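Note sheet for the following structure.
Number of protein chains: 2
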Amino acid sequence: MTAVRSTDFTEETSAQVVADSFGATTDPRLRRLMVSLVQHLHAFVRDVEPTEAEWQHAVDFLTDVGHACDATRQEFVLLSDVLGVSMLVDAINHRKPAGATESTVLGPFHMVESPPRELGADIALDRNGPPCVLAGHVRAADGTALPGAQVDVWQANGAGFYDVQQPDIQPERNLRGLFTADEQGRYWLRTVVPRHYPIPSDGPVGRLLAATGRHPYRPAHIHVIGSAAGHAPVTTHVFVAGSPYLGSDTVFGVKGSLVRPVTTVDDPERAARYGVENPFRLIEFDVVLAS
Amino acid sequence: MTAVRSTDFTEETSAQVVADSFGATTDPRLRRLMVSLVQHLHAFVRDVEPTEAEWQHAVDFLTDVGHACDATRQEFVLLSDVLGVSMLVDAINHRKPAGATESTVLGPFHMVESPPRELGADIALDRNGPPCVLAGHVRAADGTALPGAQVDVWQANGAGFYDVQQPDIQPERNLRGLFTADEQGRYWLRTVVPRHYPIPSDGPVGRLLAATGRHPYRPAHIHVIGSAAGHAPVTTHVFVAGSPYLGSDTVFGVKGSLVRPVTTVDDPERAARYGVENPFRLIEFDVVLAS
Numbered sequence: 001m002t003a004v005r006s007t008d009f010t011e012e013t014s015a016q017v018v019a020d021s022f023g024a025t026t027d028p029r030l031r032r033l034m035v036s037l038v039q040h041l042h043a044f045v046r047d048v049e050p051t052e053a054e055w056q057h058a059v060d061f062l063t064d065v066g067h068a069c070d071a072t073r074q075e076f077v078l079l080s081d082v083l084g085v086s087m088l089v090d091a092i093n094h095r096k097p098a099g100a101t102e103s104t105v106l107g108p109f110h111m112v113e114s115p116p117r118e119l120g121a122d123i124a125l126d127r128n129g130p131p132c133v134l135a136g137h138v139r140a141a142d143g144t145a146l147p148g149a150q151v152d153v154w155q156a157n158g159a160g161f162y163d164v165q166q167p168d169i170q171p172e173r174n175l176r177g178l179f180t181a182d183e184q185g186r187y188w189l190r191t192v193v194p195r196h197y198p199i200p201s202d203g204p205v206g207r208l209l210a211a212t213g214r215h216p217y218r219p220a221h222i223h224v225i226g227s228a229a230g231h232a233p234v235t236t237h238v239f240v241a242g243s244p245y246l247g248s249d250t251v252f253g254v255k256g257s258l259v260r261p262v263t264t265v266d267d268p269e270r271a272a273r274y275g276v277e278n279p280f281r282l283i284e285f286d287v288v289l290a291s
Numbered sequence: 292m293t294a295v296r297s298t299d300f301t302e303e304t305s306a307q308v309v310a311d312s313f314g315a316t317t318d319p320r321l322r323r324l325m326v327s328l329v330q331h332l333h334a335f336v337r338d339v340e341p342t343e344a345e346w347q348h349a350v351d352f353l354t355d356v357g358h359a360c361d362a363t364r365q366e367f368v369l370l371s372d373v374l375g376v377s378m379l380v381d382a383i384n385h386r387k388p389a390g391a392t393e394s395t396v397l398g399p400f401h402m403v404e405s406p407p408r409e410l411g412a413d414i415a416l417d418r419n420g421p422p423c424v425l426a427g428h429v430r431a432a433d434g435t436a437l438p439g440a441q442v443d444v445w446q447a448n449g450a451g452f453y454d455v456q457q458p459d460i461q462p463e464r465n466l467r468g469l470f471t472a473d474e475q476g477r478y479w480l481r482t483v484v485p486r487h488y489p490i491p492s493d494g495p496v497g498r499l500l501a502a503t504g505r506h507p508y509r510p511a512h513i514h515v516i517g518s519a520a521g522h523a524p525v526t527t528h529v530f531v532a533g534s535p536y537l538g539s540d541t542v543f544g545v546k547g548s549l550v551r552p553v554t555t556v557d558d559p560e561r562a563a564r565y566g567v568e569n570p571f572r573l574i575e576f577d578v579v580l581a582s
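Protein sequences, first through last, are from chains W and U. First residue of the first sequence: 1, per our numbering; consecutive thereafter. First residue of the second sequence: 292, per our numbering; consecutive thereafter.
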């Protein structure tokens, strides 16, 4: 076992003494994680020099976050989200070559599987929101179309809620669909324009946001997972151009490359192809997968 | 409000983007705490580059720690203890001038008030352990005796448990006493030699210690709070020389200046003064308070 010298514990040596205590960890990855955690945590404490009352407040806050977690709510994920940690972990794990669709967080609402649906199906079973078409191509970074690619889509309704948040109000699997691109790699479906909405803000994370002058909102978006054999899948969002909070998403999920306008299209032939009345609203979003 | 530029969120800019989101915090101390937390937390994540599975594991661990907290157990304090954070916060908040008794952590077992007792009283109501005398002087850093100083003492019994851990076995307020120093600043009491013991290890913190090859033990010690009017109180321990785990206290509480031997004294006059049979065991511990 590595020498432990806890009697040398001082403000200056604390991180090294505690890091040394993890020297007997047989799993090298766990050892590296704990040593780095200790070094950064002690550097934080030395930087801010918390009073004992502040330390107790932090303990109480983390305890409240833990107690707010249950089978349907994960307050520590919310905390990770509003501190930008979820997006940073996402960025680290999904470095994309130039040209590929950028990723963003999965979020907590992909808890049920999206039902397979035919191209062109309307996923807005409750028709709550302005109707629109979502359409695009799935292709490889070199431009090759990816026939048979899968596009998994889910979103909140025009009131800002997901089906799983309103099981007594929304139809089951409302605003969810798993689509298969056609022989030219195209996908299209009918939905409603999503609306911005707040993350759950009635718990300790909501209190933290309030105490720090931050709002709890996410800008309007549609979740997309694109996947195709032989390519890296991408978990991302399409953000609606002009939505409130695009510049201040409380979970830091927005990337400029993922913002798309809702256009109004006057094209009877295309309206007929999508099975909608002319003119119609359209969001176009191509999914480009890295190999 | 400070400019929020969440669309610029990258691995490189993440800490700054999230720190900026706290720019509207009106309490300057809270703003400083959050900005520093974000910078150190993101630096940690960038350093170790956790996989998404590791991030999920961390979320699950913190959730388990939260769920282990209840009215009589504070698992986040245990986590802070075994990561050396509690001792670091203690060191920062109790910088002592040279010569004053060094501080160590309060610990979780001072949850009931120690009963006032006469000098010489035996606090070992269950007589579980080798009898011994604890005695010393309370004085100022310049050597002046502090008559009327208070010495609050509590400890585990010879089996390694505090009274509050065994309410059905130990007498109420066993091994606790609040003593008042005599006109020469002296205090003395009868007790038992304490034993090393494990911190509660049946929860997530215990699992962390096991996974990292660390033991859950604290070396044998007696808790002391010394206080006197016009002086800074000190919360500390007397550690028993020769105890197992003196070099590897799982909460890093040991300081070399706080270790004292248990001596065997053959002195009939002194034995009579303490009200014990000759020869007797003695731990001598002077408490020196900064002004």
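Cβ atoms here follow ideal geometry from the backbone N, Cα and C, with glycine treated the same way. Because the structure is a prediction, the values reported are computed rather than measured.
In the DSSP secondary-structure assignment, Leu425 (chain U) is bridged to U:Leu480 and U:Ile574. In chain order, Leu33, Val89, Ile92 and Asn93 make up the part of chain W whose C-beta sits under 9 Å from the C-beta of Pro341 (chain U).
For the pair Pro421 (chain U) and Gln307 (chain U), the Cα-to-Cα distance works out to about 59 Å. Burial of Ile283 (chain W) is indicated by the presence of at least 16 other C-beta atoms within 10 angstroms of its C-beta.
In the displayed model, Asp338 (chain U) falls within a helix according to three-state DSSP. Runs of alpha helix (DSSP H) with 4 or more residues, each lying fully within the segment 501-568 of chain U, are found at 559-565, listed in chain order. Looking at U:Glu303, U:Asp577, U:Asp557 and U:Asp381, the one whose alpha-carbon comes closest to that of Gln441 (chain U) is U:Asp577. Nearest CB-CB separation between His331 (chain U) and chain W: below the 8 Å threshold. Proximity of Asp454 (chain U) to chain W, defined by a Cβ-Cβ separation below 8 Å, is not satisfied. Per the coordinates, the alpha-carbon of Glu102 (chain W) lies some 55 Å from the alpha-carbon of Pro535 (chain U). Nearest C-alpha to Pro279 (chain W) among W:Leu246, W:Ala290 and W:Val262: W:Val262. For Trp154 (chain W), the closest C-alpha among the options W:Val224, W:Val251, W:Phe44 and W:Val240 is that of W:Val224. By the rule that beta-carbons nearer than 8 Å mark a contact, Gly390 (chain U) does not touch chain W. For Val356 (chain U), the enclosing alpha helix (DSSP H) covers residues Glu343 to His358.
Counted as a single uninterrupted DSSP element, the alpha helix (DSSP H) harbouring Val82 (chain W) occupies residues Glu75 to Val82. Any Cβ of chain U closer than 8 Å to the Cβ of Thr63 (chain W) would place that residue at the interface, and such an atom is present. Distance check between Ala391 (chain U) and each of U:Asp361, U:His522 and U:Arg481 places U:His522 closest, using alpha-carbon atoms only. Under the three-state reduction of DSSP, Ala306 (chain U) is assigned to helix. Contact between the segment 114-124 of chain W and the segment 62-78 of chain W is absent: fewer than 3 CB-CB pairs across the two stretches fall below 8 Å.
The alpha carbon of Arg190 (chain W) has as its nearest neighbour, out of W:Cys132, W:Asp142 and W:Gly247, the alpha carbon of W:Cys132. When C-beta atoms of the segment 502-512 of chain U are compared with those of the segment 537-545 of chain U, three or more pairs fall below 8 Å, so the two segments count as touching. By the beta-carbon neighbour count (other beta carbons within 10 angstroms, threshold 16), Arg95 (chain W) is exposed.
Val251 (chain W) is positioned such that its CB atom lies no closer than 8 Å to that of Phe239 (chain W). DSSP places Val403 (chain U) in the coil class of the three-state scheme, outside both helix and strand. Rounded to the nearest whole angstrom, the C-alpha separation of Val35 (chain W) and Asp351 (chain U) is 20 Å. Going by DSSP, Leu178 (chain W) is part of the beta strand (DSSP E) stretching over Arg176 to Thr180. Per the DSSP secondary-structure output, Pro489 (chain U) pairs in a beta bridge with U:Tyr508.
Taking 8 Å as the threshold, the shortest C-beta distance from Glu284 (chain W) to chain U does not fall below it. Chain-order list of chain U residues neighbouring Leu37 (chain W): Phe335, by C-beta distance under 7 Å. In this structure Asp311 (chain U) is buried. Its beta-carbon is surrounded by 16 or more other beta-carbon atoms within 10 angstroms. Between Asn157 (chain W) and Asp122 (chain W), the C-beta spacing is not below 8 Å. If you draw a straight line from the Cα of Val138 (chain W) to the Cα of Ser257 (chain W), it is about 16 Å long.
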